[in-house]
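Have a look at the structure below before the remarks.
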Amino acid sequence: MDYKNPKFIIDSSQLTPGKVRWRSPSNIALIKYWGKYGQQLPRNPSISLTLSQAATDTTLSYSAKQSDKEIDLDFYFAGESRPDFSLRVEKYLKILLPIFPFLGQLHLRIDTNNSFPHSAGIASSASAMSAIALILCSMEKRFFDSLSDSETFYQKASYLARLGSGSACRSVYPHVAVWGEAGEIPRASNLYAIPYADQVHDIFETYHDDILIISKAEKSVSSGAGHNLMEGNLYADNRYLQARQRMDNLTAAMRAGDLETFGKITEAEALTLHALMMTSNPPYLLMEPNSIAAIRKVQAYRAETGHPLYFTLDAGPNLHLLYPDNIATEVKTFIRSELTPLCQDGIYIADRCGAGPEELEADLNPN
Ligand code: PMV
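The opening position of the sequence shown corresponds to residue 346 in the working numbering, with each subsequent residue numbered one higher.
The structure is reproduced here in structure tokens:
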């Protein structure tokens, strides 16, 4: 598959300035993508739940370019200029120039906001990069009248999002997405994610993911550096094998609505991800004492009540608590009384499985 297209050039003299706005959610991986090769290609398949509350709202305003910079970009995050984010987006847009040469013809202004507190220690690259990818596909559609078929549109958006941040490619689909070649899923690809909600039990459509903010501190090792460390990890090959097997078992459990098997595999994956960090060279540790205290409380609660409350972890200390909607009242009482004391400033974000990204009316944006 090659999206390079030298014909995607616009007639700048005819260009009317415009705006495109998308809100795109974050996602939480159940089988983790950890280890990559080539241009952001995964070493193993992954599957995720698309979230609802944790999302990025991005508006891109374009007009004819007036400078001779390769990418002419003004970038604002929560109304303020952020040179670090701006540089990352500029690098990303440069990579996309062979696919969308028109990006080199425009002045671009990006205004982006996260729905969750910026300092909450939640990774936002999946929502941020998928929002930009979706915007670019909408621009292609507007300028060249292409991508009218929604499957083609989202597949391309997922492919482009992947180039910005691997996990971002899974954010473009509602509820559940799969990324990476997986034996039992013939359509799965390393190049883009595919929608997977229609292959799993309905119970996941309303699944909860409450995020315990154990620490707001920025990660000491970025996920990019973490992926690279997998190249020298002694356990890497076995890990990739294990991820494939777990993928088969987890998808079977999700199809059947078997929450116990689902939860056991999900927790094992979270701990494996962190074990891989601890066995990297150099080794590192992203969990905090309160991450472990919370894990023990969740496991004890499960043993006492029999409720299918399970956790997963991202590449950080914060716990994601996964549970079905029918036990939400009891679980929330437990979280408030037992778990929020372990959170920094007592913060947790009540999120749940969501319907995927949404194109919004650009002019309603306060920016
Ligand atoms: O998309 P990246 O490069 O930030 O990697 C994300 C890796 C994990 O969040 C730890 C796992 C995953 O599959 O999302």
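Note that CB positions come from ideal geometry on N, CA and C, so glycine has one too. No experiment lies behind these values; they were computed from the predicted model shown.
Please name the residue, chosen from T404, A538 and M622, that lies closest to E576 on a Cα-to-Cα basis.
By 1-based counting over the sequence shown, the position of residue 576 is 231. Taking only the C-alpha atoms, the option nearest E576 is M622.
What do you get for A562, buried or exposed, if any count of 16 or more other CB atoms within 10 angstroms of its CB means buried?
Taking the first residue of the sequence shown as position 1, residue 562 is located at position 217. It is exposed - the Cβ of A562 has fewer than 16 other Cβ atoms within 10 Å.
I need the straight-line Cα distance from S534 to Q500, nearest angstrom please.
Mapped onto the sequence shown, residue 534 falls at position 189. Mapped onto the sequence shown, residue 500 falls at position 155. Roughly 11 Å separates the two Cα atoms.
Considering just the uninterrupted stretch of the alpha helix (DSSP H) at H652, what are its terminal residues?
As a first step, residue 652 is located in the sequence shown; it is residue number 307 there, counting from the start. From DSSP, H652 is part of no alpha helix (DSSP H); its letter is neither H nor E.
If contact is defined by three or more beta carbon pairs under 8 Å, each pair taking one atom from either stretch, is the stretch 538–551 in contact with the stretch 564–572?
no
Taking the beta strand (DSSP E) that I610 belongs to, which residues open and close that run?
Here the question's residue 610 lines up with position 265 in the sequence shown. It is not in any beta strand (DSSP E) - I610 instead sits in the alpha helix (DSSP H) that spans L604 to M623.
Would DSSP call D456 helix, strand or coil?
Position 111 of the sequence shown holds residue 456. Note: D456 maps to strand in three-state DSSP.
Consider the C-beta atom of S391 and the heavy atoms of the ligand PMV; say whether any pair is separated by less than 6 Å.
What you label residue 391 is simply residue 46 of the sequence shown in a count that begins at 1. True, at least one ligand heavy atom lies under 6 Å from that Cβ.
Taking 6 Å as the line, does the beta carbon of K377 fall inside it for any heavy atom of the ligand PMV?
Taking the first residue of the sequence shown as 1, we reach residue 377 at position 32. K377: yes, Cβ under 6 Å from the ligand PMV.
Give a yes or no on whether 7 Å exceeds the smallest Cβ distance from A562 to chain D.
Here chain D cannot be found, since the structure has a single protein chain.
Whole-angstrom Cβ separation of S729 and V517, contact assumed at under 8 Å?
Past the boundaries of the shown model lies residue 729; the chain is included only from 346 to 712, so the question cannot be answered.
Here's a check: name, in chain order, each residue in its chain whose Cβ is nearer than 6 Å to the Cβ of V566, leaving out the five neighbours to either side.
Locating residue 566 in the sequence shown gives position 221, counting from the first residue. Excluding sequence positions up to five before and after V566, its CB lies within less than 6 Å of the CB of Y629, all in the same chain and listed in chain order.
6 Å CB neighbourhood of L666 in its chain, flanking five on each side removed:
Counted from its first residue, the sequence shown places residue 666 at position 321. Only residues of its own chain outside the window of five on either side were considered, and among them D555 and F656 have a CB closer than 6 Å to the CB of L666, listed in chain order.
Taking just the CA atoms, how far does D543 sit from G701?
Numbered from 1 along the sequence shown, position 356 holds the residue referred to as residue 701. Numbered from 1 along the sequence shown, position 198 holds the residue referred to as residue 543. Between G701 and D543, the C-alpha separation is close to 14 Å.
Between the C-alpha atoms of V365 and F422, what's the straight-line distance to the nearest angstrom?
Taking the first residue of the sequence shown as 1, we reach residue 365 at position 20. Taking the first residue of the sequence shown as 1, we reach residue 422 at position 77. If I take the Cα positions, the gap works out to 16 Å.
Do I440 and W367 have their C-beta atoms within less than 7 Å of each other?
Indexing the sequence shown from 1 puts residue 440 at position 95. Indexing the sequence shown from 1 puts residue 367 at position 22. No. Outside cutoff.
Cα-Cα separation, P370 to S512:
Translated into positions along the sequence shown, residue 370 becomes position 25. Translated into positions along the sequence shown, residue 512 becomes position 167. In a straight line, the C-alpha of P370 is about 12 Å away from that of S512.
Roughly how many angstroms lie between the CA atoms of R487 and K377, to the nearest whole one?
The residue given as residue 487 occupies position 142 in the sequence shown. The residue given as residue 377 occupies position 32 in the sequence shown. Cα-Cα distance, rounded: 35 Å.
According to DSSP, is D417 part of a helix, a strand, or is it coil?
Start at 1 with the first residue of the sequence shown, and residue 417 comes out as number 72. D417 falls in the strand class under three-state DSSP.
Residue from D429, L453 and A615 with nearest C-alpha to G363
To locate residue 363, count along the sequence shown from 1; it is residue 18. When each option's Cα is compared against that of G363, the closest is L453.
I355, DSSP secondary structure in three states
Position 10 of the sequence shown holds residue 355. Reduced to three states, the DSSP call for I355 is coil.
Do you know whose CA, among S510, C514 and D593, lies nearest F498's CA?
Numbered from 1 along the sequence shown, position 153 holds the residue referred to as residue 498. Per the Cα distances, C514.
Proximity to N458 [Cα-Cα], best of D659, R427 and L442
As a first step, residue 458 is located in the sequence shown; it is residue number 113 there, counting from the start. The residue with the shortest Cα to Cα distance from N458 is R427.
How is D494 classed by DSSP in three states: helix, strand or coil?
The residue you call residue 494 lines up with position 149 of the sequence shown. Reduced to three states, the DSSP call for D494 is coil.
Sorted by chain position, which residues of the same chain lie with C-beta nearer than 6 Å to E529's C-beta, five sequence neighbours on each side aside?
On the sequence shown, residue 529 is found 184 positions in, with the first residue counted as 1. The answer, listed in chain order, is D593.
Classify G363 as helix, strand or coil using the three-state DSSP reduction.
Mapped onto the sequence shown, residue 363 falls at position 18. Three-state DSSP puts G363 in a strand.
Whole-number beta carbon distance between G449 and N477, since they are thought to touch under 8 Å
Indexing the sequence shown from 1 puts residue 477 at position 132. Indexing the sequence shown from 1 puts residue 449 at position 104. The sequence given here has Ile at residue 477, not Asn. I477 to G449, Cβ: 16 Å. No contact.
Would you kindly report the start and end of the unbroken alpha helix (DSSP H) that includes E675?
Counting from one through the sequence shown, the residue named residue 675 turns up at place 330. Counting along the chain, the alpha helix (DSSP H) containing E675 begins and ends at A673 to F679.
Given that a residue counts as buried once 16 or more other Cβ atoms are within 10 Å of its Cβ, and exposed if not, what is T596?
The residue you call residue 596 lines up with position 251 of the sequence shown. Looking at its Cβ environment, which holds 16 or more other Cβ atoms inside 10 Å, T596 is buried.
My output table needs one value for A700: the three-state DSSP class, helix, strand or coil.
As a first step, residue 700 is located in the sequence shown; it is residue number 355 there, counting from the start. Looking at A700 - three-state DSSP - the assignment turns out to be coil, as it is neither helix nor strand.
Would E389 and Y585 be called neighbours here (beta carbons separated by less than 7 Å)?
Position 44 of the sequence shown, counting from 1, holds the residue named residue 389. Position 240 of the sequence shown, counting from 1, holds the residue named residue 585. The question names Glu, yet the displayed sequence has Asn at residue 389. Yes.
Collapsed DSSP secondary structure at P422 in the structure displayed
Reading the sequence shown from its first residue, position 77 is the one you call residue 422. The displayed chain sequence assigns Phe, not Pro, to residue 422. Strand, per DSSP.
One or two residues paired with N583 in a DSSP bridge:
As a position in the sequence shown, residue 583 is number 238, starting the count at 1. Bridge partners of N583: none, in fact.
If you check the beta carbons only, do L557 and Y693 fall under 7 Å apart?
Taking the first residue of the sequence shown as 1, we reach residue 557 at position 212. Taking the first residue of the sequence shown as 1, we reach residue 693 at position 348. Cβ distance < 7 Å, so L557 and Y693 count as in contact.
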